[in-house]
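**Student:** Position in the sequence shown counted from 1, then plus 101, gives you the working numbering.
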Amino acid sequence: MIEHSRVEHSRVEHSKVAVIGAGAVGSTLAQRIAETNLADVVLLDIVQGRPQGVALDLMEARAVERHDRSIVGTQDYADVAGADIVVITAGRPRTPNMTRDDLLGINAGIVAKVASQAIAQAPEAIFITVTNPLDVMAHLVGQVGQLSRERFMGMAGVLDAARFATFIAMELNVSAVDVSAMVLGGHGDLMLPLARYTTVGGVPLPELMSSETIDRIAQRTRQGGAEIGKLLKTGSAYYAPSASVAVMVDAILRDRHRMLPVSVALEGEYGLQGLCLGVPVQLGADGVETIIELTLMDAEMEALHESAASVKAQIGKLPDVG
Ligand code: APR
102 MIEHSRVEHS RVEHSKVAVI GAGAVGSTLA QRIAETNLAD VVLLDIVQGR
152 PQGVALDLME ARAVERHDRS IVGTQDYADV AGADIVVITA GRPRTPNMTR
202 DDLLGINAGI VAKVASQAIA QAPEAIFITV TNPLDVMAHL VGQVGQLSRE
252 RFMGMAGVLD AARFATFIAM ELNVSAVDVS AMVLGGHGDL MLPLARYTTV
302 GGVPLPELMS SETIDRIAQR TRQGGAEIGK LLKTGSAYYA PSASVAVMVD
352 AILRDRHRML PVSVALEGEY GLQGLCLGVP VQLGADGVET IIELTLMDAE
402 MEALHESAAS VKAQIGKLPD VG
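Written out as structure tokens, the structure is:
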């Protein structure tokens, strides 16, 4: 036991996470990773000075926060070398009048470019994509790097489930900590918040709420990103997104075998293949360890396939990345 904890401790001690894109999500993620002592962070952004400024600010916070993690800001991909995990947040954020689909062309160009440069420097890393449209960009990274499917994924399910859990907790006036929520499908309007697999303190949600209330909350969850975008007016959500990525980084670096909803490449699971889609997986040191296939009712399976069809249609519009 002691031996094991020593090994785990040293793994985290020497860990390095490269965050590509030092915008709102990237910089809050860097803060979370460094200040929870998870890993050293390299922040890379195309804008001169931006990652350097964020990194210096975070370095100055160390004396107050009392940690020794290094945060480096850079434009140079050589600094990504040796990263255990690369998180891709580079791209344009969704603004209130933009759908996620509008972003496809712009962000595909950015993500393909940054992914190939990061993969060249850190060929052994695990890749987590955050840039929208999420499932499509996660798929693109896998294609660009010809990565095995354990090693690339998209962050969305943890965020969508957190939003679903939050709205359930608000409705029932219970702690969000006691809500274990499940959301399947693409990170878009067709995502599938699953009440049957959602519990509050172990009690299945349908026993605590009417189906009308569940439908209303599920709809708010699907629109969760847009709701925040409208309030912020410029930019999109970043606190809950960065917290969700940090949970995945922690699961991988600490080899925790967490069971989380993650956008992963499907190869026949749920009758789907050739795309990344949000399903429950086990996450550990090797990345995606297991894909969990839930038993779905016909209507749920149909809804999941509808969501998959929308992601596939977008994949069909991707430029050829060779
Ligand atoms: N290389 C590196 N960085 C880039 C590149 C590039 N080619 N192109 C853009 N960036 C950087 C921008 O300079 C910016 O600092 O990506 C960063 C994106 O940050 P924000 O605009 O603040 O966006 P953010 O809110 O962090 O969202 C990032 O995550 O949730 C999704 O929809 C969201 O796709 C968006 C992404």
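All residues carry an ideal CB built from backbone N, CA and C; glycine is no exception.
Please classify His-115: is it buried, with 16 or more other beta-carbons within 10 angstroms of its beta-carbon, or exposed?
**Tutor:** Your numbering for residue 115 matches position 14 in the sequence shown. So His-115 counts as exposed.
**Student:** Which value, in whole angstroms, describes the spacing of the CA atoms of Ile-393 and Ser-364?
**Tutor:** In the sequence shown, the residue the question calls residue 393 occupies position 292. In the sequence shown, the residue the question calls residue 364 occupies position 263. Cα to Cα, Ile-393 sits roughly 12 Å from Ser-364.
**Student:** Can you give the beta carbon distance from Val-181 to Ala-119, rounded, assuming they're within the 8 Å contact cut?
**Tutor:** Against the sequence shown, residue 181 aligns to sequence position 80. Against the sequence shown, residue 119 aligns to sequence position 18. Between Ala-119 and Val-181 the Cβ distance is about 4 Å, and since that is below 8 Å, they are a contact.
**Student:** Quick check: what's the CA-CA separation for Leu-293 versus Ala-282?
**Tutor:** Within the sequence shown, the letter at position 192 stands for residue 293. Within the sequence shown, the letter at position 181 stands for residue 282. Straight-line Cα distance between these residues: approximately 11 Å.
**Student:** Measure the C-alpha to C-alpha separation of His-105 and Ser-312 and round it to an integer number of angstroms.
**Tutor:** Counting from one through the sequence shown, the residue named residue 105 turns up at place 4. Counting from one through the sequence shown, the residue named residue 312 turns up at place 211. Annotation note: pLDDT 48 at His-105 (below 50); position unreliable, coordinate value reported separately. Each residue's Cα considered, the two are about 46 Å apart.
**Student:** The alpha helix (DSSP H) that contains Glu-313, what's its start and end?
**Tutor:** Here residue 313 refers to the residue found at position 212 when the sequence shown is read from its first residue. Taken as a continuous stretch (DSSP letters only), the alpha helix (DSSP H) holding Glu-313 covers 312-323.
**Student:** Taking only runs that begin and end inside the stretch 181-252, name each unbroken beta strand (DSSP E) of 3 or more residues, in chain order.
**Tutor:** 186-189, 227-230, all fully within the stretch 181-252.
**Student:** Check whether the Cβ of Asn-233 lies closer than 6 Å to any heavy atom of ligand 1, and answer yes or no.
**Tutor:** Taking the sequence shown and counting its residues from 1, the one referred to as residue 233 is at position 132. Correct: Asn-233 has its Cβ closer than 6 Å to ligand 1.
**Student:** Cutting at 7 Å between CB atoms, please list the residues of its own chain near Arg-107, excluding the five before and the five after it.
**Tutor:** For this step, residue 107 is matched to residue 6 along the sequence shown. Caution applies to Arg-107, whose pLDDT of 47 falls short of 50 and renders its modelled position unreliable; the value that the coordinates give is listed next. So the list is empty, once near-sequence residues are dropped.
**Student:** Consult DSSP for Gln-132 and reduce its assignment to one of helix, strand or coil.
**Tutor:** As a first step, residue 132 must be located in the sequence shown, where it is residue number 31. In this structure, Gln-132 counts as helix in the three-state DSSP scheme.
**Student:** In whole angstroms, what separates the C-alpha of Gly-174 from that of Gly-330?
**Tutor:** Here residue 174 refers to the residue found at position 73 when the sequence shown is read from its first residue. Here residue 330 refers to the residue found at position 229 when the sequence shown is read from its first residue. The alpha-carbon atoms of Gly-174 and Gly-330 are separated by roughly 27 Å.
**Student:** Go through its chain and collect everything with a Cβ distance to Asn-198's Cβ below 7 Å, but skip five positions before and after it.
**Tutor:** Locating residue 198 in the sequence shown gives position 97, where the first residue counts as 1. Same-chain partners within the cutoff: there are none.
**Student:** Can you tell me where the beta strand (DSSP E) holding Arg-359 begins and where it ends?
**Tutor:** Position 258 of the sequence shown, counting from 1, holds the residue named residue 359. 359-368 is the span of the beta strand (DSSP E), which, as asked, contains Arg-359.
**Student:** What are the start and end residues of the beta strand (DSSP E) that includes Gly-385?
**Tutor:** Position 284 of the sequence shown, counted from the first residue, corresponds to residue 385. Counting along the chain, the beta strand (DSSP E) containing Gly-385 begins and ends at 374-385.
**Student:** Output the distance between the C-alpha atoms of Leu-361 and Gln-383, rounded to the nearest integer angstrom.
**Tutor:** Looking up residue 361 in the sequence shown gives position 260. Looking up residue 383 in the sequence shown gives position 282. So the two alpha carbons sit approximately 6 Å from each other.
**Student:** Within the continuous beta strand (DSSP E) that includes Leu-139, where are the two ends?
**Tutor:** On the sequence shown, position 38 is the one that residue 139 refers to. Here Leu-139 belongs to no beta strand (DSSP E), and DSSP marks it neither H nor E.
**Student:** Measuring CA to CA, which of Arg-133, Leu-157, Ser-171 is closest to Lys-117?
**Tutor:** The residue given as residue 117 occupies position 16 in the sequence shown. With distances taken between Cα atoms, Lys-117 lies closest to Ser-171.
**Student:** Could you tell me which of Ala-162, Leu-157, Ile-220, Val-412 sits nearest to Tyr-178, measuring between CA atoms?
**Tutor:** Looking up residue 178 in the sequence shown gives position 77. The shortest Cα separation from Tyr-178 among Ala-162, Leu-157, Ile-220, Val-412 belongs to Ile-220.
**Student:** I'd like the list of long-range same chain contacts for Gln-95, defined as Cβ closer than 7 Å, with 5 residues on each side in sequence excluded.
**Tutor:** Within the shown structure, residues of the chain are numbered from 102 to 423, placing residue 95 beyond reach of any answer.
**Student:** Within the chosen definition, does the stretch 320-329 reach the stretch 259-271 through at least 3 CB pairs nearer than 8 Å?
**Tutor:** Touching, yes, given that three or more Cβ pairs across the two stretches are closer than 8 Å.
**Student:** Residues in the same chain with beta-carbon distance under 8 Å from Ile-103, minus the five sequence neighbours each way, listed in chain order, please.
**Tutor:** Numbered from its first residue, the sequence shown carries residue 103 at position 2. For Ile-103, the predicted structure reports a pLDDT of 42, less than 50, and the residue's modelled location is therefore unreliable. A value from the coordinates is still provided. For Ile-103, where only same-chain residues beyond five positions count, there are no Cβ hits under 8 Å.
**Student:** Please specify which runs of the beta strand (DSSP E), each continuous and at least 3 residues long, are wholly inside the stretch 262-313, giving them in chain order.
**Tutor:** Qualifying beta strand (DSSP E) stretches: none in this window.
**Student:** Quick test of the definition: if touching needs 3 or more C-beta pairs under 8 Å, does the stretch 338-350 touch the stretch 122-138?
**Tutor:** Counting Cβ pairs under 8 Å, three or more are found: they touch.
**Student:** Three-state secondary structure (DSSP) at Ile-393?
**Tutor:** As a first step, residue 393 must be located in the sequence shown, where it is residue number 292. Reduced to three states, the DSSP call for Ile-393 is coil.
**Student:** Given a cut-off of 7 Å, decide if Asp-236 and Val-348 are closer than it, judged by their beta-carbon atoms.
**Tutor:** Reading the sequence shown from its first residue, position 247 is the one you call residue 348. Reading the sequence shown from its first residue, position 135 is the one you call residue 236. Cβ distance not < 7 Å, so Val-348 and Asp-236 don't count as in contact.
**Student:** I want to check one thing, is the minimum distance from the CB of Ser-337 to the heavy atoms of ligand 3 below 6 Å?
**Tutor:** No copy of ligand 3 occurs in the structure displayed; its ligands are ligand 1 alone.
**Student:** Grab me the residues of Ile-134's own chain with a C-beta within less than 7 Å of its C-beta, minus the 5 sequence neighbours each way, in chain order.
**Tutor:** The residue you call residue 134 lines up with position 33 of the sequence shown. Within the same chain, Ile-134 has close Cβ partners Val-118, Ala-140, Val-142, Ala-347, Val-350.
**Student:** When you compare only the Cα positions, how much space is there between Leu-373 and Glu-161?
**Tutor:** Residue 373 sits at position 272 when you count from the first residue of the sequence shown. Residue 161 sits at position 60 when you count from the first residue of the sequence shown. Using only the alpha carbons, I get a separation of about 48 Å.
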